[in-house]
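According to our numbering, numbering within the sequence shown proceeds without interruption in unit steps and concludes at 530.
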Amino acid sequence: MIHATLSGMGLEAGSTDETVSVLDELWPLDDIDPVKSKFPCCLVWTPLPVVSWLAPFIGHVGICREDGSILDFSGSNLVTVNDFAFGAVARYYQLDRRQCCFPQNLSKHKCEQRYKHHELGTAISWDDALETSLRHYENKSYNLFTCNCHSFVANCLNRLCYGGSVSWNMINVAAVVLCKGRWVDGMSVLRSFLPFLAVLCLGIYMVGWPFLIALLSFSLMLLAWFVVGTYVVNNILEC
């Protein structure tokens, strides 16, 4: 009985040590501060010139370090830090580091896809994953349709095995930001949709309703390209 008690105490102590270790690694984050462009562990989004005027659901996305610095893949062989391309952040969504997998070795994986996660590349911390992806994309050619900012963010999330998944891609990264993201302020909403509404009204005034059909067709073609390239034609959008 004494042995059982001691064993139980040992297990409890081990569990406590493990919890303390996790808490030590996941130190508290600073508050989100849009004025200083600090968004710790967030996905961030801003509209693209011209493209977002025609399809407002398309924009430029980045991912942030634990200190709030923004990383974004904005051109061939170029991942910028704290210089978010195409303007200030309009939308953001903060991620939970507790949903990541930071294994020290293969046996320490807490995710169910340990082998695939190991093959894709792992990290020992949030910032380590972002830094590894940064170095990887500094040797990549940028292409709006095949290898873009969403690809970079998806690569980071796969290294983190965020949410227990290593299947992050352009589509679900965009869906998370669009469906769960929070607007920074009212002005962010205006600069995201006002150009689109202006183009829409001007087009209908000058061309008529066929312009609306053409605009809708353009949006559907863009959406179809990314969906087909991601889920139907394998590897066409991998970079």
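Backbone N, C-alpha and C define an ideal beta-carbon position, used for all residues, glycine too.
For Pro501, the first and last residue of its enclosing alpha helix (DSSP H): Trp500 to Val518
Closest by C-alpha distance to Leu345, when choosing among Leu503, Val444, Arg388 and Ile527: Leu503
As assigned by DSSP and simplified to three states, the class of Thr413: coil
Proximity below 8 Å, CB of Gly353 to CB of Phe375: yes
Cβ-based neighbour list, Val444, same chain, cut-off 6 Å, excluding 5 preceding and 5 following: Val352, Ile354 and Val464
Length-filtered (3 minimum) beta strand (DSSP E) runs lying within the region 344-378: 350-355, 361-366 and 369-372
DSSP three-state assignment for Cys492, whether helix, strand or coil: helix
Buried/exposed call for Phe436, threshold 16 Cβ in 10 Å: exposed
Through-space distance from Trp500 to Ser365, alpha-carbon basis: 35 Å
Top-ranked residue by Cα proximity to Ile349, from Ser416, Ala466, Leu317 and Ala379: Ala466
Length-filtered (4 minimum) alpha helix (DSSP H) runs lying within the region 437-497: 440-451, 461-471 and 477-497
Expected contact under 8 Å - CB spacing of Arg450 and Leu511 to nearest Å: Between Leu511 and Arg450 the Cβ distance is about 32 Å, and since that is not below 8 Å, they are no contact.
Candidates Val524, Val370, Ile323 and Met461: closest to Tyr383 by CA position: Ile323
Reduced DSSP secondary structure (H/G/I, E/B, other) of Pro325: helix
Buried or exposed (CB count within 10 angstroms, at least 16 for buried), Lys431: buried
Identified DSSP bridge partners for Thr337: His351
As assigned by DSSP and simplified to three states, the class of Ser312: Only weak support is given to the placement of Ser312: the predicted model assigns it a pLDDT of 44, under 50, and the value that follows is read from those uncertain coordinates. In this structure, Ser312 counts as helix in the three-state DSSP scheme.
Burial state of Gly455, where buried means 16 or more other Cβ atoms lie within 10 Å: exposed
Residue burial classification, Cys391 (beta-carbon count within 10 angstroms, cutoff 16): buried
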